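These notes concern the structure reproduced below.
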Amino acid sequence: MPDFKLPDLGEGVHEGQIIRLHAKVGDFVREDAPFMEVETDKAAVEIRAPFTGVIEQWHVKEGQLAHVGDVMVTWRKASGGEREPAHGGAEARASGGIAAGRPVAGAVARGTAATGDVPGSETAMIEPRVSSSMASHGGREGISGRHVPASPATRKLARELGIDLNAIQGSGPNGRVTREDVERAAAGSGAPASTEAATAQATWSRPARPPSPQGRVGAPTSSIAPAAMTIPPGDDAADAHGPIRIVPVSQARKTIAANMTQSWTTIPHVTDSDDADVTDLEALRKGYPSPANGHRKLTMLAFIVRAVAQALSRHPVFNAVFDAEKQAIVYRRYIHVAVGVHTERGLVAPVIRDADRLSVIQIADALDAIIEKARAASFSVADTRGGTYTISNAGAFGGSHYSTPIIAPGQCAVLAVGRTRWMPWVVGGSPSGAGVPPVIQPRFIMPLSHSFDHRIADGGQEIAFLQDIIGQLENPARLMY
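Everything in the sequence shown is counted per the working numbering, starting at 3 for the first residue and increasing by one.
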């Protein structure tokens, strides 16, 4: 009987964690149906069956780490009596995988990967997360065999908590069920969960952070509502002081932890903080023609990316990386700006390529595409590769004024943008006291924190670079062209 091996998951990716097996032994699987999901260090991919047949034996289980080329499943051709049943078989997957005897209707896979030259091996169709066309099906998948739009991570959480995704009204785009929807259901505020799961989850929940006082100076005009902090599913135990829960680390979190440890212990970080007066930029941005008139909305982040890309072209040392093995500085002659995005799997930094060649409008388009992929959890490995510099927009989450961002491996600097807010600001005047006297005005102030590798650049170079960015943000007409 033929075997199916884990295919190539992307450039430089050699292993992944099995997060979902859609079919069980004895299930009929049709070619091109999603039948397993694997999480790598950068993305979760949905693998489609390269065969039509019956699952004979799984060689892996959910949660297991598998390497490219490992045997995943043994299958056989279906006999005449094992063809696809007319009504979905005895068991339909309520969580959105493959119904027993009934494959999921899905999108055409976006890529293929060879499984090797083992006899009986085939080419697997792999797809990051959930395909856009699958997500666009607004229906539910359960006994009826229809698809419930939700990411693999959300499905896994629902299974662990005993939640029926069919009973949840998704709050995401196109009715997509999010992690928060599942957590609300488990806590009893959404769709019904099993009594045991709901009770256990409520026990391990913390209350949401209370809202900020009204009328506070500098309070953001809009913010993201704080969600209840919930301890994920895991193994309950006790230490010497009381009950604990041990939660296995996901493949993505392992990679984040390894990268941050490597960066913090090998790169001598220095952080410089300053402020940009973006009052004029905010006025320009808000005065830009309305999307209702056929124009696109310009976000503050689009201007920041534009300013950073232009500054990198004039200060190439911050687009370089220190090669400790060769004792050399490697200057990249391309400028690929990574933008930190929070997803269900953690922080991801998709890349805007050749950002220095893009107008602010083109950058805004690229950011829109990033946001849509974040909502659909459809980042691929390629989306996050090749960044030469990173921007972390902590202010979008109501983040702190200043911070100490950690440099990503393979880069030499990172810019953290804090929460922009109205503040009393001294305008005008001079140190000598000559000329127009200073006055205090309300100004829209953006805090910036810039960490850099002190092996590759000195303080004077860094100050010049950060002031270049600030100068552009404070003179926004330069950024439009």
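Note that CB positions come from ideal geometry on N, CA and C, so glycine has one too. Owing to the predicted nature of the structure, the values given are computational and were not obtained by experimental measurement.
Whether GLU39 touches ARG22 by CB criterion (8 Å)
yes
I'd like to know if the stretch 427-436 and the stretch 407-414 are in contact, where contact means that at least 3 CB-CB pairs between them fall below 8 Å.
no
Per DSSP, which residues does PRO444 bridge with? Please list them.
PRO426
Select from SER265, GLN253, ARG359 and LEU167 the residue whose C-alpha is nearest the C-alpha of GLY65.
The shortest Cα separation from GLY65 among SER265, GLN253, ARG359 and LEU167 belongs to GLN253.
Are LEU481 and TYR391 touching if we call contact CB-CB under 8 Å?
no
Considering only residues of the stretch 330-388, which uninterrupted beta strand (DSSP E) runs meet the minimum length of 3 residues and lie entirely inside it, listed in chain order?
Correct list: 330-333, 339-341, 343-345 and 348-350.
If we ignore side chains and look at the alpha-carbon of each, how far apart do LEU167 and GLU374 end up?
22 Å
Would you list, in sequence order, the uninterrupted beta strand (DSSP E) runs of no fewer than 3 residues that lie entirely inside the stretch 266-311?
Runs found: 271-279.
Euclidean distance between Cα positions of MET302 and ALA25:
45 Å
For ALA260 and GLY177, what's the separation of their Cα atoms in angstroms?
35 Å
Pick out whichever of PRO439, ASP460, MET425 and PHE467 has its Cα sitting closest to the Cα of MET448.
MET425
For ARG112 and GLU58, I'd like the C-alpha separation in whole angstroms.
Model confidence at ARG112 stands at a pLDDT of 32, short of 50, so the residue's coordinates are unreliable; what they give is reported in the following sentence. Straight-line measurement puts the Cα of GLU58 at about 27 Å from the Cα of ARG112.
Going by DSSP, what residue range makes up the beta strand (DSSP E) through GLU182?
Counting along the chain, GLU182 falls outside any beta strand (DSSP E), though it belongs to the alpha helix (DSSP H) covering 181-189.
In chain order, what residues of the same chain lie with their CB nearer than 6 Å to the CB of PHE6, ignoring the 5 residues before and after it?
MET74 and VAL75
So what's LYS256 in DSSP terms, helix, strand or just coil?
helix
Residue(s) in a DSSP beta bridge with THR263:
Paired residues: none, contrary to the question.
Of the listed residues GLU33, GLU48, ASP460 and VAL27, nearest to PRO9 (C-alpha basis)
GLU48
Segment limits, beta strand (DSSP E) that includes ALA325:
Rather than Ala, the amino acid found at residue 325 in this sequence is Asp. Counting along the chain, the beta strand (DSSP E) containing ASP325 begins and ends at 322-325.
Runs of alpha helix (DSSP H) wholly within the stretch 46-77 (minimum 4 residues, chain order):
none
DSSP three-state label for LEU11, please.
coil
Bridge partners of ARG480, per DSSP?
Answer is none; ARG480 lacks a bridge partner.
How long is the line joining the alpha carbons of ALA227 and PRO439, rounded to whole angstroms?
Confidence in ALA227 is poor, its pLDDT being 40 and thus under 50, which makes the residue's placement unreliable; the coordinate value appears in the next sentence. C-alpha separation (whole angstroms): 42 Å.
Can you find the residues in the same chain that come closer than 7 Å, C-beta to C-beta, to ILE564, ignoring five residues on each side of it along the sequence?
Shown here, the chain extends from 3 to 483; a query on residue 564 therefore has no answer.
Round the Cβ separation of VAL307 and ILE393 to the nearest angstrom and send it over; I've been treating them as touching at under 8 Å.
6 Å
Is it the case that the Cβ atoms of VAL419 and LEU450 are separated by a distance below 8 Å?
yes
Spatial neighbours of ILE337 within its chain, please: CB distance less than 7 Å, with the 5 preceding and 5 following residues excluded, ordered by chain position.
ALA311, LEU314, SER315, ASN321, ASP356, ALA357, ASP358 and THR390.
Between which two residues does the beta strand (DSSP E) harbouring THR392 extend?
391-394
Counting C-beta neighbours from all protein chains within 10 Å, is the total for LEU283 16 or more, i.e. buried, or is it exposed?
buried
For VAL31 and ILE233, I'd like the C-alpha separation in whole angstroms.
One C-alpha to the other measures close to 35 Å.
By Cβ distance below 8 Å, which residues in the same chain neighbour ALA239 in space, the five residues on each side in sequence not counted?
PRO245, ILE246, ARG247 and ILE248
Beta-carbon spacing of GLY12, SER380 below 8 Å
no
Reduced DSSP secondary structure (H/G/I, E/B, other) of GLY244
strand
Tell me the residue span of the beta strand (DSSP E) that contains GLN19.
Looking at the DSSP string, the run of the beta strand (DSSP E) that includes GLN19 is 17-23.
Through-space distance from GLY172 to ALA376, alpha-carbon basis:
Answer to the nearest angstrom: the Cα atoms are 16 Å apart.
Go ahead and pull the three-state DSSP assignment for ASP237.
strand
Among LYS256, ASP460 and ASP367, whose alpha-carbon lies nearest the alpha-carbon of LEU349?
LYS256
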